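J.: Using the numbering used here, you'd call the opening residue of the sequence shown number 3 and step up by one each time. Glycine included, each C-beta is placed from N, C-alpha and C at the ideal position. Treat the numbers as computed from the prediction; the structure is a model and nothing was measured.
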Amino acid sequence: MLRKSPFLFQIASTRTSKRDRDRSLLKHCAHPIAIDQDSAVGIEYLGGLVVELFAFRDEPPMAYPRIASLKTHDQFLSRLAELGLDLPSDENLQIGDESPLGQPIQLKRDVIGNRFCILPMEGWDGTTDGKPSELTRRRWKNFGISGAKLIWGGEAVAVRHDGRANPNQLIMTEANLASIESLRHELVTAHQERFGNSDDLLVGLQLTHSGRFARPNEKTRAEPLIAQRNPALDPRFGITDDSKLLSDDDLKRLIDDFVAAAVRSQRAGYRFVDVKHCHGYLGHELLGGHDREGEFGGSFENRTRFLREIVAGIRSEAPQLEIGVRVSLFDFVPYKAGDDRVGIPEPDADPRLMFGGDGSGSGIDLSDPSRLMSLFESLGIELVCSTAGSPYYNPHIQRPAYFPPSDGYQPPEDPLVGVARQIQTTAKIKQMHPNLTIIGSGYTYLQDWLPNVAQAIVRTGLADSIGLGRMVLSYPDLPADVISGNVMTRKKICRTFSDCTTAPRNGIVSGCYPLDPFYKAMPERKQLADLKSNA
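1) State the DSSP-derived secondary structure class of A314, mapped to helix, strand or coil.
2) What do you reckon, are the CB atoms on G326 and F260 nearer than 8 Å?
3) Going by beta carbon distance, what residues of the same chain come within less than 6 Å of A65, once the five residues before and after it are set aside?
4) Is DSSP giving C2 helix, strand or coil here?
5) Compare the C-alpha of Y272 against each of G358, I228, F302, L185 and name the closest.
6) Can you check which of these residues, S200, P519, K221, T175, is closest to I510 by C-alpha distance?
7) To the nearest angstrom, report how far apart P67 and F118 are at their CA atoms.
8) Helix or strand or just coil, what does DSSP make of D293?
9) Helix, strand or coil for Q529? Go by DSSP, reduced to three states.
10) Near M524, what residues of its chain come up, given a Cβ to Cβ distance below 7 Å and the 5 sequence neighbours on each side ignored?
11) Which of the three DSSP states is assigned to R141 in this structure?
12) Would you tell me roughly how many angstroms separate the C-alpha atoms of Y395 and R140, rounded to the nearest one?
13) What is the rounded straight-line gap between the Cα of G282 and the Cα of A229?
14) Are there three or more Cβ pairs, one per stretch, closer than 8 Å when the segment 342-352 is compared with the segment 433-452?
15) Could you work out which residue in D244, R317, I312, Q268 is closest to D293 when comparing CA atoms only?
16) Using CA coordinates, which residue listed in N116, Q171, D201, N488 is at the minimum distance from G128?
17) Please report the Cβ distance between M375 and I431, rounded to the nearest whole angstrom; I am assuming they are in contact, meaning their Cβ atoms lie under 8 Å.
18) Using the Cβ count rule (16 or more neighbours within 10 Å means buried), how would you classify Q268?
19) Sorted by chain position, which residues of the same chain lie with C-beta nearer than 6 Å to S512's C-beta, five sequence neighbours on each side aside?
20) Using the Cα positions of I312 and E93, report the straight-line distance between them to the nearest angstrom.
21) Can you give me the C-alpha to C-alpha distance between R59 and P336, rounded to a whole angstrom?
22) Out of curiosity, what's the CA-to-CA distance linking Q457 and P397?
23) Can you say whether I97 is buried or exposed, counting buried as having 16 or more other CB atoms within 10 angstroms of its CB?
24) In chain order, what residues of the same chain have a beta carbon less than 6 Å from the beta carbon of F520, not counting five sequence neighbours either side?
25) So for A160, helix, strand or coil by DSSP?
26) With a Cβ-Cβ cutoff of 8 Å, do H211 and G165 count as a contact?
27) Quick one: Cα of A270 to Cα of E176, how far?
28) Please return the same chain residues whose Cβ sits closer than 6 Å to the Cβ of G420, not counting the five positions on each side in sequence.
29) Which residue spans inside the segment 167-224 form an unbroken alpha helix (DSSP H) run of at least 4?
30) Starting from the Cα of K493, find the closest Cα among D518, K254, V484 and give me that residue.
31) I'd like to know if the segment 367-384 and the segment 317-334 are in contact, where contact means that at least 3 CB-CB pairs between them fall below 8 Å.
32) Give every residue of the same chain whose Cβ lies closer than 8 Å to the Cβ of R25, excluding the five residues on either side of it in the sequence, and list them in chain order.
33) Going by other Cβ atoms of all chains shown within 10 Å of its Cβ, with 16 needed for buried, is V484 buried or exposed?
34) Would you call the segment 186-206 and the segment 147-162 in contact, with 3 or more CB pairs under 8 Å?
35) In terms of residue numbering, what span does the beta strand (DSSP E) encompassing T389 cover?
36) Taking the alpha-carbon positions, what's the G410 to G198 distance?
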C-alpha cells in the first residue's frame, strides 16, 4: 500500500530487505533527498515494517544541482564556474594549530580562540513570561560543545514585551535575569567540560525589538510597530494607516529599554551585546527610513540616531560591556511566490527603502553600509556580524536554501549564487574596513564543502570568522570536527530542508526534525509531517 503526497511517502507492512525497499521507493519517488548510506536522511525504518520519508519536497521548477551530488572538489569548482561565481575554496584542509580556522582573534580586551562563530538562533520555545525552557537550554548547551569560540548572541532576546517576535521569545527583564544568566553559565560549563578551557570563549547576547514582525501575545496575531510605511509589506500585516508608526518619543523610550537590557546583560555575565540591526526588524527598518519624518528618519545621521543613542547609553551605564552589531549589509525588495511558486519581486515595492540597495530592487550599493562601518569605528565598536535581507520577505538572499519553508517560495536562483553574494559583499566591507572584526554568514548551503570555503575565506582575509546558524541545529559539533581533522558526519549535515522554519511558522517549536534524533522523537515531528502532507 503506497500513499503519496508532495511531502510524505509511506510503505506499510513491507518485509523486504533494506536495499530492496530503497529500490522500490525510487520507483515511486521522483526526487528523493538521498538514498546513499552517507546521506539517507529522509528514510526511517520502524521495526522493519514501516518506511516513512518525512522530508521530501517539491523539486524547484529550475532543477539546480544539489550540493550533495557534487562528490569531488573538482565537481564543486566546476559548478561554481558554470555559475560564473568567484568563490574561494581550498581542496586540502589543514588541522589543529596549522588550520586558519583554528587561529585566535585578538580584540582590544578579549581573545577569541578560533574562527568559528555560532549565530543567534531562536527555538520559539521559551516560556510565555520570557524565560528559557529545557529545549532552550539544550540548544545553548549544544552551542557550548560546538567548539566555536564566539557565541554571537545565543538568540534574539526582546528588550520589552511588545518587541517579541513570538509569545515564547526570551525577554531580558529584571525578573528573567537569573534564568538568562544560567543559560550562559550552562553553555560555558558545557564548553569547559568538553574542551578543558573557556578563557578564550566569548559569549554575547543579542538584543532586539521585532518591530514590524512583533507577535508578542498570540502566534497567529501580528501586532506590528513600524518605523515607516512600506507599500509592499504593509498589506501583509493589515497596516492601512499610520497608527502603527512609532513616534520619536516612542523610540526614545525604546532606547532606554535597550540600555536597561544591556546593563542586565552585563550583570548576567555576558561580555558583549549585539544591538540587532538586520532582517527587517526595527533597527534595520530604521536604517532604510528615508521617508520617515523627524529625528530618526531621512538623513544618514537621523537614520543611525537610534543606534548611536543606544551605544552612548550603554557606554555610560555599562562601560565594561562590549558592543557588536549584526547588520544586513544589503537588502532587496520583498519577494513573493509567482504562479510557478518561484520567487518574484513584489510589484508595489519601493526600492528606496532597502538599506544597501542600489535603487533597482535587486542590486547592491555599499555606500551607506560603508558609512555605517565608519560610524562603528568612530563609536569603538569592534565586532560586526554581516548578513543580508530578511527571512520573511526575501529569504533567498538571507539564508540560501534548496527547499523553501511552507510559506515561502522556490529559489529564483541557484542558492550558491546567494551564498557567493553574501561572501563577496562581506569581503568588500572587510577590505574597506580592515580594522573591524567581521563575522560572515550564509554558509550553511555549502554543506559538504563548507569547511573548504570557510578555510579559504579566513586564509585570504575575506572575513575574520565563519558564522554558522542552521548547520549547528543538525550538526552542533561541526566546528570541533573540522578543526581537529575528523571526517565530517554526512548524515548530520544540514541539507536546508527548512523544517526549522516551517515548524515555528506554524506554531511548532523550532528544531531539526529531519536530522536531530532528539527532535525526530518528538510528537511535534508527526504534527509537522501531517501539516506538510496537507499543504
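T.: The structure says:
1) helix
2) no
3) none
4) The requested residue 2 does not occur in the structure, where the chain is confined to residues 3 to 537.
5) L185
6) K221
7) 27 Å
8) coil
9) helix
10) none
11) helix
12) 30 Å
13) 10 Å
14) no
15) D244
16) Q171
17) 6 Å
18) buried
19) G125, W126, C502, A505, P506
20) 44 Å
21) Confidence at R59 is low in this model, with a pLDDT of 45, below 50, so its placement is unreliable and no value can be given for it.
22) 25 Å
23) exposed
24) none
25) strand
26) yes
27) 10 Å
28) H398, I399, P402
29) 179-197
30) D518
31) yes
32) Any reading at R25 needs caution, since the residue's pLDDT is 38, under 50, leaving its predicted position unreliable; the model's value is listed next. No residues qualify anywhere along the chain.
33) buried
34) yes
35) 385-389
36) 43 Å
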